[in-house]
Amino acid sequence: MAAGSYLVGLIGSGIGPSLSPAVHEREADRQGLRYLYRLIDIDRLGVAPEAVGELLRAARDLGYDGLNVTHPCKRLVVPHLDELAPSAERLGAVNTVVLADGRAVGHNTDVTGFGAAFARGLPDARLGRVVQLGAGGAGAAVAHALLGLGAGRLTVVDALPDRAAGLAAALGRRFGTGRADAADPADLAALLPTADGLVHATP
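Given below as C-alpha cells:
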C-alpha cells in the first residue's frame, strides 16, 4: 500500500452493526491518512473463536497493519502473539494488535478508554462500593480502571463463578486485599441496594 495508507480490521463475533469502520476511517481522513478498515466476523465466516490464530496469520499474509479484537477473542488471541505490551500482559487480554516488522504485538486500550470516558462523563459518581457484571476480557479492563479511579470495593459478578473469583483474586494482588471480591449472579438483587453503582461489562 502507498505511504500513509493502512489496512486494518476488527475480529469478533456478531460485529456486522459495528461503527468501527466509519469511525476509524473518518478520523484517519482528518489525520491525513488513508485507512481501509474491514470487519472480520467469525459468525459470517463460520469459524469458531478458537480459530483466531488462523485469522491472525491470514491477516499477516494479506498485509494487514493492525487489528482490533473484540468478544469473544480478546483472551484467545494472546497465545498467538509475539509480544504483549504491559497493559495487555497485566490483563491477559488484547483489544489491539500491531503488525509490523514480522511481529504481532498485543495491546489493551480498554483500561484507559473506559477510565477516560468514566471520568469525563461521570466526574461526580460515588465509588465507595461498585458492582460489576462481567469478568471476561473487557470486564478485566473495566475492573482495573474502576479500582484505579478509586473505587473502594468492587464486587465482580459473572455467569461463570470461577472466572469472577479469578478476576477478584488478581485484582486483590494488584490493588490490595479487600478491594475486590466475587459474587454469584443469584446474589445480585441483595448486592444492589447497598451499591453506589452498577457497571455492565458483558457483551
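So the numbering used here is basically just the index in the sequence shown, starting at one, shifted up by 4.
Cβ coordinates follow ideal geometry from the N, Cα and C atoms, glycine included.
Short Cβ contact (8 Å threshold) for residue i with residue j
{"i": "A190", "j": "L171", "result": "no"}
{"i": "L195", "j": "T159", "result": "yes"}
{"i": "G96", "j": "V82", "result": "yes"}
{"i": "L37", "j": "G13", "result": "no"}
{"i": "V203", "j": "V161", "result": "no"}
{"i": "N72", "j": "N99", "result": "yes"}
{"i": "R2", "j": "A142", "result": "Nothing about residue 2 can be read from this structure; the chain reaches only from 5 to 207."}
{"i": "G176", "j": "A149", "result": "no"}
{"i": "Y41", "j": "P25", "result": "yes"}
{"i": "H84", "j": "G106", "result": "no"}
{"i": "D200", "j": "R133", "result": "yes"}
{"i": "P53", "j": "L80", "result": "yes"}
{"i": "L151", "j": "F179", "result": "yes"}
Where residue i sits in the DSSP three-state scheme
{"i": "R130", "result": "coil"}
{"i": "H111", "result": "strand"}
{"i": "D185", "result": "strand"}
{"i": "T116", "result": "helix"}
{"i": "I19", "result": "coil"}
{"i": "G70", "result": "strand"}
{"i": "D191", "result": "helix"}
{"i": "L151", "result": "helix"}
{"i": "D45", "result": "strand"}
{"i": "L158", "result": "strand"}
{"i": "P207", "result": "coil"}
{"i": "V98", "result": "coil"}
{"i": "H28", "result": "helix"}
{"i": "V146", "result": "helix"}
{"i": "A121", "result": "helix"}
{"i": "V56", "result": "helix"}
{"i": "A163", "result": "coil"}
{"i": "G141", "result": "helix"}
{"i": "G176", "result": "helix"}
{"i": "G50", "result": "coil"}
Close-in-space but distant-in-sequence residues of the same chain around residue i (CB under 6 Å, 5 per side omitted)
{"i": "P207", "result": "H75"}
{"i": "V109", "result": "E87, V102"}
{"i": "V27", "result": "none"}
{"i": "A223", "result": "Residue 223 is absent from the structure shown; the chain starts at 5 and stops at 207."}
Residue i - partner residues in DSSP beta bridges
{"i": "L103", "result": "A108"}
{"i": "G201", "result": "V134"}
{"i": "A87", "result": "For the sequence presented, residue 87 should be read as Glu rather than Ala. DSSP lists V109 as partners of E87."}
{"i": "L11", "result": "L40"}
{"i": "L80", "result": "According to DSSP, L80 bridges with nothing at all."}
Sequence-distant residues of its chain with Cβ nearer than 8 Å to residue i (five each side left out)
{"i": "A147", "result": "Q136, A139, L158, V160, L171, L175, A184, A205"}
Same chain only: Cβ atoms within 7 Å of residue i, ignoring 5 sequence neighbours per side
{"i": "C77", "result": "I15, G16, P53, V56"}
{"i": "L59", "result": "I15, I44"}
{"i": "T198", "result": "R133"}
Near the ligand NAP: residue i beta-carbon under 7 Å from a heavy atom
{"i": "D69", "result": "With respect to small molecules bound, the structure shown includes none, and the ligand NAP cannot be examined in it."}
**Asked** Is there contact here, the region 37-50 with the region 13-25, by at least three beta-carbon pairs under 8 Å?
**Response** Between the region 37-50 and the region 13-25, the count of C-beta pairs closer than 8 Å reaches three or more; the two stretches touch.
**Asked** For the 8 Å Cβ check, are there 3 or more pairs between the region 172-192 and the region 148-163?
**Response** By the Cβ rule, the region 172-192 counts as touching the region 148-163, because three or more pairs are nearer than 8 Å.
**Contact the region 56-71 vs the region 112-131: 3+ CB pairs below 8 Å** = no
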